[in-house]
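Student: Below is a structure I'd like to ask you about.
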Amino acid sequence: MNNRLDGKVALVTGALGGFGRAITRKFVSDGTKVVAVDVTDDGAESLQDEFGDSVKFLQGDHCVRAHNEAAVALALDTWGKLDILVNNAGIGRTAAFSEVDDELFREVIDVNLMGQFRLTQAALPAMLDGLDSQPLSRSIVFLSSGLGLYGVARSAPYAVSKHGVNGLMRSLAAEYGPRGLRINSICPGIADTALGRMTTAWADSPEEVFESLRQATQLRRLIEPEDIANASAFLVSDDARMIHSVALRVDGGAHV
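Residue numbering for the sequence shown follows this note's numbering, starting at 103 and increasing by one per position.
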């Protein structure tokens with residue numbers, strides 16, 4: 103156990119998915135209390151059983167402002183503060199550009215970008231509380247994507263949403279960095295998770311696509327949820343106290 107995050111309070115969205123659950127597990131092992139939020143409650147009981155009183159689960163949609171306010175309130179009412187926000191929740195949709203309609207485009211933008219925007223607005227007052235009077239270690243991590251840095255075919259809505267996440271991160275970093283709030287993003291490569299599988303569902307042979315993606319990385323392997331959890335824990339810790347406004351690639355060298 104590494105207690106570098108001992109005493110911290112975090113809010114993690116998409117907490118029942120591959121990345122979110124791994125992030126929650128890593129944070130708890132490092133001494134953090136976590137408000138774990140997900141749009142579904144499928145798996146919430148096992149989450150609570152695994153982490154006990156270190157985690158408070160809340161079923162909520164980060165696209166709904168009232169749900170975001172409830173999540174922040176749960177952190178404050180339970181533990182009295184909010185030190186860490188991990189904007190992890192998101193969806194993946196793939197389609198040929200000619201097949202993308204307004205509804206699909208709006209759905210991806212609303213979940214992947216607007217949801218992170220809305221939750222961050224709700225969390226900021228709590229995260230800024232006390233920063234002007236004393237040095238506190240507080241941090242926001244946005245989960246973007248490698249497609250927030252470049253583009254591939256059949257992924258226009260997703261790539262636009264994730265480029266937007268990095269733009270949001272950098273704008274907030276410029277605005278709130280001077281007050282001591284560190285803000286970064288993580289840009290994962292492809293992972294063998296439900297969301298990762300969804301991005302290759304269009305192919306006749308998704309397994310062949312996954313293998314080609316694996317071979318395209320310099321390290322010849324796909325990322326695992328624990329890789330994102332470790333990167334998140336590092337970025338919100340004091341070990342990263344001078345890392346700010348960075349879009350951190352965690353992709354095994356997919357693009358060099």
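We put the CB at the ideal spot given by N, CA and C, even for glycine.
All figures in this text were calculated on a predicted structure; none of them were measured in a lab.
1) Report the rounded CA-to-CA distance for ASP204 versus GLY248, giving the unit in angstroms.
2) Specify whether the region 130-141 and the region 110-119 touch according to this definition: at least 3 beta carbon pairs, one from each stretch, less than 8 Å apart.
3) Have a look at ASP340, ALA191, SER347, ASN214 and flag the residue whose alpha-carbon is nearest the alpha-carbon of SER119.
4) Rounding to the nearest angstrom, what Cα-Cα distance links MET229 and LEU160 in this structure?
5) Here's the rule I'm using: 16 or more other beta-carbon atoms within 10 Å means buried, otherwise exposed. How should ALA296 be labelled?
6) What residue from GLY154, ALA177, ALA349, VAL174 has the CA that sits closest to ALA275's CA?
7) Going by beta-carbon coordinates alone, are LEU54 and ASN189 separated by less than 8 Å?
8) Per the DSSP calculation, SER241 is bridged to which residue(s)?
9) Given a cut-off of 8 Å, decide if GLU171 and ALA117 are closer than it, judged by their beta-carbon atoms.
10) Find the nearest neighbour of LYS158 within the set ASP144, GLY354, LEU176, judged by alpha-carbon distance.
11) Roughly how many angstroms separate the alpha carbons of HIS164 and VAL141, rounded to a whole number?
12) According to DSSP, is ARG351 part of a helix, a strand, or is it coil?
13) So, THR319 versus GLY355, is the Cβ gap smaller than 8 Å?
14) Just tell me which of LEU251, GLY182, ILE211 has its CA closest to the CA of ARG195.
15) For CYS289, which residues does DSSP report across the bridge?
16) Which of helix, strand or coil does DSSP assign to LYS128?
17) May I ask which residues mark the beginning and end of the alpha helix (DSSP H) holding VAL338?
18) When the Cα atoms are used, what is the spatial distance from VAL213 to ILE193?
Tutor: Answer, in terms of the structure:
1) 24 Å
2) yes
3) Before going on, a small fix: residue 119 reads as Gly here, not Ser. Of all alpha-carbon atoms in ASP340, ALA191, SER347, ASN214, the one lying nearest the alpha-carbon of GLY119 is that of ALA191.
4) 19 Å
5) exposed
6) ALA349
7) Any question about residue 54 goes unanswered here, given that the chain covers just 103 to 358.
8) Under DSSP, SER241 shares a beta bridge with ILE186, ARG284.
9) no
10) Checking every option, the nearest Cα to that of LYS158 belongs to LEU176.
11) 8 Å
12) strand
13) yes
14) Here the closest residue by C-alpha is ILE211.
15) ARG351
16) helix
17) Looking at the DSSP string, the run of the alpha helix (DSSP H) that includes VAL338 is 327-338.
18) Note on geometry: alpha-carbon atoms of VAL213 and ILE193 lie some 7 Å from one another.
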